[in-house]
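Take a look at the structure below.
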């Protein structure tokens with residue numbers, strides 16, 4: 001059914017003039033152009049009353065807007081004439097007009113004010129939005145301008161298929177990353193911190209202004225990479241006792257099968273085991289290790305919430321989102337205060353500084369004194385030492401706990417592998433006591449750890465950097481200062497050329513590689529290089545990997561000599577989820593069954 005009379009009436013009412021593209025009408029007084037997004041042909045073909053209703057609604061809203069504008073202009077002209085003798089400025093007249101509108105229609109005035117504020121925020125957001133990096137650099141953008149997807153790994157795989165030897169851009173949690181191919185690994189690892197900084201990246205990614213992550217001083221960096229790495233062997237015996245205490249507390253004796261939340265248990269076990277070395281057993285066994293276990297979660301949840309927040313509102317909401325983190329940090333500083341005071345007093349009152357820097361059996365590490373010795377005069381303040389200790393706790397806990405988490409699930413699904421590792425442990429221990437070495441004797445265990453790290457890395461990328469000055473690499477355009485870039489290591493860890501059957505977990509893969517001539521000391525868990533990319537490489541590689549290696553092996557030895565592991569009935573190994581920042585997040589609720597061996 002057609003409505004020709006209605007069509008003609010509408011046309012006469014609003015003065016439609018025919019056009020192939022639009023109906024339009026212009027108010028000669030205000031120059032207001034109203035466009036109806038339908039062609040003449042489409043309007044002529046309308047047969048449904050609902051289509052006409054939509055057109056009428058649009059016309060009505062346009063007419064109301066025009067009437068409101070006419071009324072507003074009329075009031076403005078009347079006010080100008082009435083107050084002309086007073087010679088008021090335009091701003092004064094605007095305020096008088098606003099007051100009159102508020103008196104005449106307060107509800108409409110409030111709505112208008114809210115719309116004005118919202119429009120102002122939107123305008124500022126648009127005007128301050130930086131130019132898209134893909135347009136600035138001329139690089140392809142993969143996954144869209146707002147990549148917030150759970151299948152982020154698929155985005156990277158698609159990008160690498162399309163551009164196998166070229167960099168491309170992805171929006172990782174709303175920030176543009178230039179992702180270089182694996183062939184650029186060696187070139188990027190050689191970049192100095194003055195050219196491109198990993199520390200700047202982590203400061204930016206974890207909001208270091210609020211969390212202190214990424215504020216590591218050269219003194220802290222050297223303390224972790226040199227002093228702490230050397231301390232691994234002397235503290236093996238002590239750490240075994242601390243790990244036993246931690247597992248007894250959170251797993252205990254299990255004559256019958258009992259399931260545990262692996263992530264929760266390992267966070268607390270690692271925090272307690274490491275904490276005993278850093279702050280002493282008594283302090284670590286109190287609230288300290290619980291705060292350390294909470295610390296990374298308060299950071300990551302705040303970062304995730306900020307990612308979902310519009311950029312314009314982030315400066316206002318950052319303090320709110322980081323409030324839980326502030327509370328945890330405050331409590332940690334209060335616990336550290338007497339310990340740091342004691343260490344500062346001992347350092348200042350003793351002449352034999354070298355003696356104070358020695359690791360002593362059964363005592364906490366002289367960690368603060370290592371730091372003091374590396375700082376210049378006046379730099380080792382109580383606050384700085386506390387910050388260094390908190391940053392160390394943050395960085396040494398969640399990465400170690402996650403690595404053990406993935407290994408335990410691999411072991412739980414392979415009973416024969418558990419038996420094989422138990423035999424290796426028996427061959428290298430005396431009455432259950434590990435040697436005071438870096439534990440390189442546990443070659444099979446090291447291979448299991450390295451393969452697990454390959455299959456379940458922390459992220460799709462490595463060698464994260466932010467340029468500190470314009471940088472030209474051998475591939476791609478010149479990067480301006482402040483550009484985030486990284487290397488795609490997903491296609492290193494899953495390269496069939498490097499690792500035959502890369503999707504298969506082979507616990508002996510790296511053990512076999514080390515048996516090849518000239519490779520005895522390569523392919524270890526702590527190794528770095530183009531085939532071992534997950535710890536980074538070069539001068540900015542992870543300095544704490546040696547301490548983590550020590551902690552992981554001590555914990556695994558305790559688990560394998562005390563418990564039998566298995567998956568829950570009907571369950572398989574949990575699969576991690578790839579977050580929009582490229583990091584892999586485990587199933588935080590996954591459980592493994594523990595049963596004591598005797």
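Residue numbers (my numbering): 1 to 598. Positions of the beta carbon are idealized from the N, C-alpha and C atoms, including for glycine.
Using DSSP bridges, identify the partner residues of residue i.
{"i": "residue 261", "result": "591"}
{"i": "residue 486", "result": "179"}
{"i": "residue 619", "result": "Here the chain comprises residues numbered 1 to 598, so residue 619 is not present and cannot be evaluated."}
{"i": "residue 170", "result": "142 and 177"}
{"i": "residue 566", "result": "593"}
{"i": "residue 197", "result": "466"}
{"i": "residue 461", "result": "488"}
{"i": "residue 119", "result": "Partner(s): none; residue 119 has no beta bridge."}
{"i": "residue 599", "result": "Residue 599 lies beyond the range of the chain shown here (1 to 598); nothing can be said about it."}
{"i": "residue 532", "result": "529"}
{"i": "residue 498", "result": "In DSSP, residue 498 forms no bridge with anything."}
{"i": "residue 479", "result": "471"}
Using 7 Å as the threshold, is the C-beta distance between residue i and residue j below it?
{"i": "residue 377", "j": "residue 137", "result": "no"}
{"i": "residue 563", "j": "residue 596", "result": "yes"}
{"i": "residue 273", "j": "residue 242", "result": "yes"}
{"i": "residue 611", "j": "residue 551", "result": "Outside the displayed span of the chain (1 to 598) sits residue 611, for which this structure offers no information."}
{"i": "residue 405", "j": "residue 586", "result": "yes"}
{"i": "residue 408", "j": "residue 445", "result": "no"}
{"i": "residue 380", "j": "residue 333", "result": "no"}
{"i": "residue 152", "j": "residue 576", "result": "no"}
{"i": "residue 233", "j": "residue 438", "result": "yes"}
{"i": "residue 573", "j": "residue 525", "result": "no"}
{"i": "residue 457", "j": "residue 493", "result": "yes"}
{"i": "residue 213", "j": "residue 488", "result": "no"}
{"i": "residue 317", "j": "residue 307", "result": "no"}
{"i": "residue 259", "j": "residue 593", "result": "yes"}
{"i": "residue 292", "j": "residue 271", "result": "yes"}
{"i": "residue 369", "j": "residue 343", "result": "yes"}
{"i": "residue 119", "j": "residue 142", "result": "no"}
{"i": "residue 262", "j": "residue 590", "result": "yes"}
{"i": "residue 356", "j": "residue 328", "result": "no"}
{"i": "residue 546", "j": "residue 276", "result": "no"}
{"i": "residue 184", "j": "residue 475", "result": "yes"}
{"i": "residue 315", "j": "residue 417", "result": "no"}
{"i": "residue 312", "j": "residue 168", "result": "no"}
{"i": "residue 486", "j": "residue 202", "result": "no"}
{"i": "residue 339", "j": "residue 382", "result": "no"}
Which whole-angstrom value describes the C-beta separation of residue i and residue j, a residue pair presumed to lie in contact below a C-beta threshold of 8 Å?
{"i": "residue 544", "j": "residue 463", "result": "Between residue 463 and residue 544 the Cβ distance is about 17 Å, and since that is not below 8 Å, they are no contact."}
{"i": "residue 557", "j": "residue 425", "result": "6 Å"}
{"i": "residue 288", "j": "residue 279", "result": "6 Å"}
{"i": "residue 511", "j": "residue 447", "result": "4 Å"}
{"i": "residue 490", "j": "residue 460", "result": "4 Å"}
{"i": "residue 267", "j": "residue 397", "result": "7 Å"}
{"i": "residue 182", "j": "residue 166", "result": "With 8 Å as the limit, residue 182 and residue 166 do not qualify as a contact, their Cβ atoms being about 12 Å apart."}
{"i": "residue 265", "j": "residue 335", "result": "Actually they do not touch by this definition, with Cβ atoms about 23 Å apart."}
{"i": "residue 365", "j": "residue 548", "result": "So it is not a contact: roughly 15 Å between Cβ atoms."}
{"i": "residue 187", "j": "residue 473", "result": "6 Å"}
Quick one: does residue i have its CB under 7 Å from some CB of chain C?
{"i": "residue 585", "result": "Absent from the structure: chain C. Only one protein chain is present."}
Q. Enumerated in chain order, which unbroken segments of the alpha helix (DSSP H) with a length of 4 residues or greater are wholly contained in the region 398-437?
A. Within the region 398-437, the complete alpha helix (DSSP H) segments of 4 residues or longer fall at 415-427, listed in chain order.
Q) Are there three or more Cβ pairs, one per stretch, closer than 8 Å when the region 465-472 is compared with the region 184-201? A) Yes, the region 465-472 touches the region 184-201.
Q.
Quick check on the DSSP output: what are the complete beta strand (DSSP E) runs of length 3 or more inside the region 207-294, in order along the chain?
A. Correct list: 258-261.
Q: Specify whether the region 218-226 and the region 387-397 touch according to this definition: at least 3 beta carbon pairs, one from each stretch, less than 8 Å apart.
A: The answer is yes - the region 387-397 touches the region 218-226, with three or more Cβ pairs under 8 Å.
Q. Where are the alpha helix (DSSP H) runs, 4 residues long or more, that stay fully inside the region 334-369, in chain order?
A. You should have 353-356.
Q.
Can you confirm whether the region 203-215 touches the region 302-311 when touching is taken to mean that 3 or more C-beta pairs between the two stretches lie within less than 8 Å?
A. A contact exists between the region 302-311 and the region 203-215.
Q) Okay, do the region 498-506 and the region 517-527 touch, 3+ Cβ pairs below 8 Å being the bar? A) Per the Cβ contact rule, the region 498-506 is not in contact with the region 517-527 (fewer than 3 Cβ pairs under 8 Å).
(Q) So, does the region 411-419 touch the region 566-579, judging by three or more C-beta pairs under 8 Å? (A) Yes: at least three Cβ pairs fall under 8 Å.
**Q.** At least three beta-carbon pairs within less than 8 Å, the region 230-241 to the region 431-438
**A.** Under the Cβ criterion (8 Å, minimum of three pairs), the region 230-241 counts as touching the region 431-438.
Q. Along the chain, which unbroken stretches of the alpha helix (DSSP H) at least 4 residues long are found entirely within the region 290-328?
A. DSSP runs (the alpha helix (DSSP H)) wholly in the region 290-328: 314-321.
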